[in-house]
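At position 105 of the sequence shown (counting the first as 1) the number is 109 in this note's numbering, and the numbers step up by one without a gap.
In this text, a Cβ means the ideal position worked out from N, Cα and C, and glycines have one as well.
Right, one structure below, let's go through it.
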Amino acid sequence: MRHLAAYLLLQVGGNASPSAADIKKVLSAVGIDADDERLEKLISELEGKDVNALIAEGSAKLASVPSGGAVASSGGAAGGAPAAAAEEKKEEEKKEEKEESDDDMGFGLFD
């Protein structure tokens, strides 16, 4: 991951095709030793490819992955009547809680 981050930093900085030496220089500037095997693999896999196109392709793949957030957003589209019913339930629960708390009146913890 750190190798990829350094690669992308160099690309954003204007180096269209960063070399292994360039990436090692960036990583050593922040005190990280580069793993030569992983670095060579990364460079060989990205050689001749447009990073922006790869990111767009990855984003498209991630968009098809289901997530839990989609379920919650669809619930908000319900009509106003269920929301009013939920509000009434909350009010009833509050009243019940208040009544229950009155049961222990008349004596305290240190009596």
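The criterion of a C-beta distance shorter than 7 Å is not satisfied by residue 43 and residue 20. Bounds of the alpha helix (DSSP H) holding residue 56 are 55-67. The straight-line gap separating the alpha-carbon atoms of residue 13 and residue 67 is approximately 25 Å.
In this structure, the beta-carbon distance from residue 45 to residue 38 does not fall below 7 Å.
Rounded to the nearest whole angstrom, the CA to CA distance from residue 48 to residue 55 is 13 Å.
Under the three-state reduction of DSSP output, residue 26 falls in the helix class. Per the coordinates, the alpha-carbon of residue 8 lies some 10 Å from the alpha-carbon of residue 15.
Burial state of residue 70 is exposed, judged by a 10 Å Cβ sphere holding fewer than 16 other Cβ atoms. Closest option to residue 34, judged by alpha-carbon separation, among 10, 41, 53: 10.
Annotation for residue 32: 38 place their beta carbon closer than 8 Å to its own, counting only its chain and skipping 5 residues before and after.
Distance from the CA atom of residue 40 to the CA atom of residue 53, rounded to whole angstroms, is 21 Å.
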